[in-house]
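Taking it in order: structure first as structure tokens, then the write-up.
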Amino acid sequence: MFGYIKVDKSKMSGGEFSLYHAFFCGICISSKELLGFRARMLTNFDIAFFNVLFHSYLQQDVEVYDAHCITTPKKKRSIVKRDDLTDKLALSNVILSYVNLMDDVLDEKSLKKKMALSAIKKIYKKAKKLFPEMDEEINRHYNELTGLEKQHCKLFDKICHPFAELSRVFAKVILGDAADEYILDLCYNLGKWVYLIDALDDLDKDFKKGSYNPFIECFEGFVNGQQFVERHLQDLEFVMYATINKIAENFNDLNLTKYYCVLRNVLHISVRQITENVFAKYVKQNQEKEGQ
Numbered sequence: 063m064f065g066y067i068k069v070d071k072s073k074m075s076g077g078e079f080s081l082y083h084a085f086f087c088g089i090c091i092s093s094k095e096l097l098g099f100r101a102r103m104l105t106n107f108d109i110a111f112f113n114v115l116f117h118s119y120l121q122q123d124v125e126v127y128d129a130h131c132i133t134t135p136k137k138k139r140s141i142v143k144r145d146d147l148t149d150k151l152a153l154s155n156v157i158l159s160y161v162n163l164m165d166d167v168l169d170e171k172s173l174k175k176k177m178a179l180s181a182i183k184k185i186y187k188k189a190k191k192l193f194p195e196m197d198e199e200i201n202r203h204y205n206e207l208t209g210l211e212k213q214h215c216k217l218f219d220k221i222c223h224p225f226a227e228l229s230r231v232f233a234k235v236i237l238g239d240a241a242d243e244y245i246l247d248l249c250y251n252l253g254k255w256v257y258l259i260d261a262l263d264d265l266d267k268d269f270k271k272g273s274y275n276p277f278i279e280c281f282e283g284f285v286n287g288q289q290f291v292e293r294h295l296q297d298l299e300f301v302m303y304a305t306i307n308k309i310a311e312n313f314n315d316l317n318l319t320k321y322y323c324v325l326r327n328v329l330h331i332s333v334r335q336i337t338e339n340v341f342a343k344y345v346k347q348n349q350e351k352e353g354q
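So the sequence shown is numbered by the working numbering: it starts at 63 and just counts up by one.
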């Protein structure tokens, strides 16, 4: 389910993207210092976004420095200096990556993913030891989600809740008593959107593999993704855009100012564009068939 919370680079200036990428690099550095070189490979743009969001929410200034990176040995990159937040996020990212990969292995029976899971097991155990509270919460909500999926849950709000609540608790554990209802609601609805956009994007793949998909389970008459989206387009758009509108409302309620350009790009522009792109994938299939 990773890979959806990211910026729309085409709508950013070079300086804005560099700032965003500096937060990405900050997670990478924390990962290396806490867990070793291999942990750096798990750094992703989803966790980089939360690095920006939580620093903004806590009104924390960051120190940015330039240094060489293994991916760009001849050119220096801007990097956010390691701090308590980047450390917590780096540990959380490894735990999330391991549990998510374990879920994929159970779901897909992929040898490639089994090997990847084995490769990061030691890193995960170390992260779990350093941040047991986060490990407990992530596993608890993933187990709840897995249980509902195994039961072929047909109650839409019920099946969306565990992953959305995981995102909410993720923020609560990292931010502690500083977390208010606005940031928690934002993370809840963002988590819900991630779960839903992943399901919408994977309609055909999930059907082919026999994997649980909330849309296929809760709506009737799946034959293929294009036909299914066409048949239920109004309901699917309502579900997706209602969630997106809640995200925008939660973000506006927070009145954040630090690193606003990055946050606005993700929460007002990118999530909507990604949703439109996924819908367009099925519409395009339909248009191509009609043109043949």
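A virtual CB, placed ideally from N, CA and C, is assigned to each residue, including glycine.
Worksheet entry | As assigned by DSSP and simplified to three states, the class of residue 131 | The residue given as residue 131 occupies position 69 in the sequence shown. For residue 131, the secondary structure class from DSSP, reduced to helix, strand or coil, is strand.
Worksheet item: Quick one: Cα of residue 279 to Cα of residue 265, how far?
Response: Along the sequence shown, read from residue 1 onward, the residue named residue 279 stands at position 217. Along the sequence shown, read from residue 1 onward, the residue named residue 265 stands at position 203. So the alpha carbons of these two residues sit roughly 11 Å apart.
Discussion item. Buried or exposed, going by whether 16 or more other CB atoms sit within 10 Å of the CB of residue 276?
Written reply: For the purposes of this step, residue 276 is taken as the residue at position 214 of the sequence shown. Result: buried.
Discussion item. Closest to residue 110 by C-alpha separation, out of 128, 290, 150, would be which residue?
Written reply: By one-based count along the sequence shown, residue 110 stands at place 48. Distance from the Cα of residue 110 is smallest, within the candidate group 128, 290, 150, for 150.
Practice prompt. Taking only the alpha-carbon atoms, compute the straight-line gap between residue 321 and residue 101 and give it to the nearest angstrom.
Written response: Counted from its first residue, the sequence shown places residue 321 at position 259. Counted from its first residue, the sequence shown places residue 101 at position 39. Going from the Cα of residue 321 to the Cα of residue 101 covers about 26 Å.
Worksheet item: Quick one: complete beta strand (DSSP E) runs, 3+ long, within the region 191-234?
Response: Taking 3 residues as the minimum length, the region 191-234 contains no beta strand (DSSP E) run wholly inside it.
Practice prompt. Under the assumption that residue 93 contacts residue 81 (Cβ atoms under 8 Å), give the Cβ distance between them as a whole number of angstroms.
Written response: Walking along the sequence shown from the start, residue 93 turns up at place 31. Walking along the sequence shown from the start, residue 81 turns up at place 19. Not really, about 20 Å apart at Cβ, beyond 8 Å.
Fill in: Per-residue burial, residue 148 [other beta carbons within 10 Å of its own, 16 or more giving buried]
Within the sequence shown, numbered from 1, the residue matching residue 148 stands at position 86. Answer is buried; the Cβ neighbour count reaches 16.
Practice prompt. Would you decide whether residue 317 is buried or exposed? Buried here means 16 or more other CB atoms lie within 10 Å of its CB.
Written response: If you number the sequence shown from 1, residue 317 lands on position 255. By the 10 Å Cβ count, residue 317 comes out exposed.
Item to complete: Spell out a yes or no on whether the region 299-315 and the region 248-258 are touching, meaning 3 or more CB-CB pairs, one atom from each, closer than 8 Å.
Response: The region 299-315, when compared against the region 248-258, does touch it at the 8 Å Cβ threshold.
Item to complete: May I ask you to check if the CB of residue 332 is nearer than 7 Å to at least one heavy atom of the ligand ZN?
Response: With respect to the ligand ZN, the structure offers nothing, as it holds no ligand at all.
Worksheet entry | Bridge partner(s) assigned by DSSP for residue 139 | Here the question's residue 139 lines up with position 77 in the sequence shown. DSSP, once it has assigned bridges, lists 129 as partnering residue 139.
Practice prompt. Starting from the C-beta of residue 255, find all residues in its chain whose C-beta is less than 7 Å away, skip the five residues before and the five after it, and write them out in chain order.
Written response: Numbered from its first residue, the sequence shown carries residue 255 at position 193. If the five residues before and after residue 255 are omitted, its C-beta is found closer than 7 Å to the C-beta atoms of 305, 306, 309, 333, all from its own chain and listed in chain order.
Worksheet item: With 16 as the cutoff for other CB atoms within 10 Å, does residue 288 come out buried or exposed?
Response: In the sequence shown, the residue the question calls residue 288 occupies position 226. By the neighbour-count rule (16 or more Cβ atoms within 10 Å), residue 288 is buried.
Practice prompt. Please say whether residue 190 and residue 197 have beta carbons closer to each other than 8 Å?
Written response: Translated into positions along the sequence shown, residue 197 becomes position 135. Translated into positions along the sequence shown, residue 190 becomes position 128. Residue 197 is a Cβ neighbour of residue 190, given a cutoff of 8 Å.
Worksheet item: Is the CB of residue 231 under 8 Å away from at least one CB in chain D?
Response: As a matter of chain content, chain D is missing from the structure shown, which is built from one protein chain.
Discussion item. Considering Cα atoms alone, identify which of 285, 98, 127 is closest to residue 156.
Written reply: Within the sequence shown, the letter at position 94 stands for residue 156. That would be 98, whose Cα lies nearest to the Cα of residue 156.
Worksheet entry | Helix, strand or coil at residue 144 [DSSP, three-state] | Here residue 144 refers to the residue found at position 82 of the sequence shown. The answer is coil: DSSP assigns residue 144 none of H, G, I, E or B.
Worksheet item: When the Cβ atoms of the region 322-332 are set against those of the region 69-80, are three or more pairs found closer than 8 Å?
Response: Enough Cβ pairs lie closer than 8 Å, so yes.
Worksheet item: If you count every other CB in all the chains shown that lies within 10 Å of the CB of residue 295, and 16 or more means buried, which is it?
Response: Numbered from 1 along the sequence shown, position 233 holds the residue referred to as residue 295. Around the beta-carbon of residue 295, fewer than 16 other beta-carbon atoms lie within 10 Å, marking it exposed.
Fill in: Cα-Cα separation, residue 350 to residue 342
Counted from its first residue, the sequence shown places residue 350 at position 288. Counted from its first residue, the sequence shown places residue 342 at position 280. With a pLDDT of 48 at residue 350, under the threshold of 50, the modelled position of that residue is not reliable, and no figure is offered here.
Discussion item. Within the continuous alpha helix (DSSP H) that includes residue 322, where are the two ends?
Written reply: Position 260 of the sequence shown holds residue 322. Per DSSP, residue 322 is one residue of the alpha helix (DSSP H) stretching across 322-326.
Practice prompt. If I'm right that residue 153 touches residue 96 with Cβ under 8 Å, what's the distance once you round it to whole angstroms?
Written response: The count along the sequence shown starts at 1 and reaches residue 153 at position 91. The count along the sequence shown starts at 1 and reaches residue 96 at position 34. By a beta-carbon distance limit of 8 Å, residue 153 contacts residue 96. Their separation comes to about 6 Å.
Fill in: Local conformation of residue 289 per DSSP, three classes
If you number the sequence shown from 1, residue 289 lands on position 227. Three-state DSSP puts residue 289 in a helix.
Worksheet item: So which of 227, 297, 161 has the shortest CA-CA distance to residue 180?
Response: Stepping through the sequence shown from its first residue, residue 180 is reached at position 118. Minimum Cα distance to residue 180 is reached at 161.
Fill in: Local conformation of residue 70 per DSSP, three classes
Position 8 of the sequence shown holds residue 70. In the three-state reduction of the DSSP assignment, residue 70 falls in the coil class.
Discussion item. Taking a contact to mean a Cβ-Cβ separation below 8 Å, would you say residue 274 touches residue 195 in this structure?
Written reply: In the sequence shown, counting from the first residue as 1, residue 274 sits at position 212. In the sequence shown, counting from the first residue as 1, residue 195 sits at position 133. No, the pair does not count as a contact, with Cβ atoms beyond the cut-off.
Worksheet item: Does the beta-carbon of residue 34 have 16 or more other beta-carbons within 10 angstroms, so that it is buried, or is it exposed?
Response: There is simply no residue 34 to check, as the chain begins at 63 and stops at 354 in what is shown.
Worksheet item: How about residue 107 and residue 86: do their beta carbons lie closer than 8 Å?
Response: Counting from one through the sequence shown, the residue named residue 107 turns up at place 45. Counting from one through the sequence shown, the residue named residue 86 turns up at place 24. Contact: yes.
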